[in-house]
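Everything on this sheet refers to the single structure shown next.
Protein chains: 2
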Amino acid sequence: MKLIRLMAITLLVLLVPAMSTQAADLLPSWNDGPSKQAIIEFVNATTDKTSPKFVPPEERIATFDNDGTLWAEQPMYFQLLFALDRVKALAPQHPEWKDQEPFASLLKGDVKGALAGGEHALLEIVMATHAGMTTEEFTQTVKDWIATAKHPKTGRLYTEMVYQPMLELLATLRANGFKTFIVSGGGIEFMRPWTEKVYGIPPEQVVGSSIKTKFEMRDGKPVLTRLAEVDFVDDGPGKPVGINSHIGRRPIAAFGNSDGDLEMLQWTAAGGGKRFCLYVHHTDAEREWAYDRQSHIGKLDKGLDEAKAKGWTVVDMKNDWKRIFAWEK
Amino acid sequence: MKLIRLMAITLLVLLVPAMSTQAADLLPSWNDGPSKQAIIEFVNATTDKTSPKFVPPEERIATFDNDGTLWAEQPMYFQLLFALDRVKALAPQHPEWKDQEPFASLLKGDVKGALAGGEHALLEIVMATHAGMTTEEFTQTVKDWIATAKHPKTGRLYTEMVYQPMLELLATLRANGFKTFIVSGGGIEFMRPWTEKVYGIPPEQVVGSSIKTKFEMRDGKPVLTRLAEVDFVDDGPGKPVGINSHIGRRPIAAFGNSDGDLEMLQWTAAGGGKRFCLYVHHTDAEREWAYDRQSHIGKLDKGLDEAKAKGWTVVDMKNDWKRIFAWEK
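Have a look at this one:
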């Protein structure tokens, strides 16, 4: 037992100095090409102490969007699918929903009809399913759902709908001293219960949209109650605001897939020294989905133009990724 | 050569498990007594793998109030002294302040008169000195001030007004796998520019009160502008809310000095497993200041009663600390 430990530590001692040059080997699901090369070149330039672009470890902050960047977002945001499942689960306690939109349509299975009410309808669904309980109760509900609910098209757990190449990228960055954060338009408390297990990103490194919470005593026990009031929308221009509020440093690398990530990438790119901005472009209709400028989910239009103009890395999912999901044949 | 390396590594292997039992040696400014013993006992119980109270490293979250817990807060909060200095520095650009309260009194040196306007006056001073610039400009102003401004009584830099025993405690916890956070009523962007250097706590582990910021393009360059609008007050019942928002886990140890920290300690104590709550009690009128139940700064009244009732650790600064400041003789 001790010998194995000794050998492991010896190995570690021998391997550490060479780690950054091995970034290539840590990205087996990436095809050789300009995207993979750009990642390796960035990691080497910022972590090699002799490089003029060297960045000290504490400043190696990398931020990742979640929906469409780390996991899929079709046929609709997974958190919305969670909310719809919750409406069904909670319906017996809400007989009034049978005659009340957007719930009435939802309960008849007419999602499109329910969402025809636009942002107001969406907010009603979110608040009915995300507010009114304690933070601990909500966390447990998310844990139960994420452990069992299946994606409507693939039949896979949602945590299996994550992109294998992005998991390798997260691990590569961390192996090179980067601190990885999620900065998502999704709900912060919807993500935190599972991001550590799935992405290796702990709760304190998750930034997202939020509703307000209130501290109160319930039977002499302190609880945080989730209120039906929007606190912060972590999307578009909200992303640099959320980064500033939660991280307090400007990232040196940022990863997104939609126009909602553009301000985060602009904010990242505008700092001094070496910077890395990457867009995941959904180009694979067979293994995943293909969408960009016209999509109402994950629309990538302005961002695609700016990426080209500024020379940011644009991942072509179809050609850059050997496989998209870990379970692919 | 190889043998020496092997021996060094073996030594390391042998020493690591014993680290937590050496907590005592990492606290040289603490007198032997119940406070020091309670700290050591907590660290040992939560980090010894054979202990029934063992806590995995990722859950070892410790939160610290700042004013009066990590650094002094008399004769008034240091951030208020910063604001007063800023009013003086900005006065030439604001000729109207000569006839406008609370600025008129302040500029005449009458701080008490200026603050007679209560919360409204305070908010006016804060907004006039903390809003209207970009986040980068504000950070630079704080850096310049903290590097040069002197405490009115001791003539020391404010960063020298930190408590040496608490620095040792922070280091002890981190050496035992804890992640240390600041959770302060003070401004989050007032603390972040210097907490890493002074406390070893990076910006992303600082939680505090905040004003809103806005993302905008200025001459084609993205900036975050600080708005004259309160975003979040990280005090009292706000502390568990801030902890939940920024950290997303319940601390297993919390450290404060006033009633404004009580909810943070209650929230920490109410979790399962081993917990540690500590109040710093200002009992040393000679080396620091002595104040508690009647003080308008750092009032400790309800908290002191609850600490006694619940068996929390109460540090008696006069008797528990060998020295308070590093520069003491």
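Residue numbers (the numbering used here), protein chains in the order written: chain A, 1288 to 1616; chain B, 1288 to 1616.
We treat Cβ as the ideally placed atom computed from N, Cα and C, and that holds for glycine.
Remark: C-beta atoms of B/P1490 and A/G1535 approach each other more closely than 8 Å.
For B/N1318, the number of other beta carbons within 10 angstroms of its own is below 16, and it is reported as exposed. Annotation for A/P1439: P1362, L1368 place their beta carbon closer than 8 Å to its own, counting only its chain and skipping 5 residues before and after. Of the other Cβ atoms in all chains shown, fewer than 16 fall within 10 Å of the Cβ of B/Q1581; this residue is therefore exposed. Any Cβ of chain A closer than 8 Å to the Cβ of B/F1502 would place that residue at the interface, and such an atom is present. Sequence-distant Cβ neighbours of A/G1529 in its own chain, meaning closer than 8 Å and more than five residues away, are V1470, V1494, G1495, F1519, D1521. Counting along the chain, B/T1482 sits inside the alpha helix (DSSP H) bounded by residues 1475-1486. Annotation for B/R1461: no beta strand (DSSP E) segment contains it, though the alpha helix (DSSP H) segment containing it runs 1451-1462. Exclusion of the five residues before and after B/L1565 leaves F1542, W1599, T1600, V1602 as the residues of its chain whose Cβ lies within less than 7 Å of its Cβ.
Secondary structure at A/W1608: strand, using DSSP grouped into helix, strand and coil. Cβ-Cβ separation between B/L1460 and B/A1349: approximately 5 Å, consistent with a contact (criterion under 8 Å). One Cα belongs to A/K1586, the other to A/M1551, and the distance between them is close to 15 Å. Classified as buried, B/F1612 has 16 or more neighbouring CB atoms from the shown chains inside 10 Å of its CB. Close CB contacts of B/T1428 within its chain, under the 8 Å cut and outside five residues either way in sequence, are with R1373, M1420 (chain order). Look at the beta carbons and you see the region 1472-1492 of chain A not touching the region 1379-1389 of chain A: under three pairs across the two are nearer than 8 Å. Fully enclosed beta strand (DSSP E) runs of no fewer than 3 residues occupy 1540-1543, 1563-1570 of the region 1521-1581 of chain B, in order along the chain.
Neighbourhood of A/E1491 in chain B, by CB distance below 9 Å: I1348, K1466, F1468, E1491, Q1492, H1533, I1534, G1535, R1536, in chain order. Using a CB distance cut-off of 8 Å, B/P1344 does not count as an interface residue toward chain A. Of all residues in the region 1537-1564 of chain A, only E1550, Q1553, W1554, A1557 place a beta-carbon less than 8 Å from a beta-carbon of chain B. In the assembly as shown, B/H1533 is a buried residue. Its beta-carbon has 16 or more other beta-carbons within 10 Å. Pairing A/S1322 with A/E1455 gives a Cβ-Cβ distance that is not under 8 Å. When DSSP reads this structure, B/E1503 sits in a beta bridge with B/V1510. Taking a C-beta distance under 8 Å as the contact criterion, A/R1513 and A/H1417 qualify as a contact pair. The Cβ atoms of B/R1347 and B/I1488 lie no closer than 8 Å to each other. For A/V1413, no chain B residue has a C-beta closer than 8 Å to its own C-beta; the minimum C-beta separation is roughly 18 Å. Closer than 9 Å at the C-beta level to chain A, one finds these residues of the region 1517-1529 of chain B: D1518, F1519, G1523, P1524, G1525, K1526, P1527, V1528.
Around the beta carbon of B/F1351, 16 or more other beta carbons lie within 10 angstroms, which makes this residue buried. If you check the CB distance, A/A1401 and A/L1393 come in under 8 Å.
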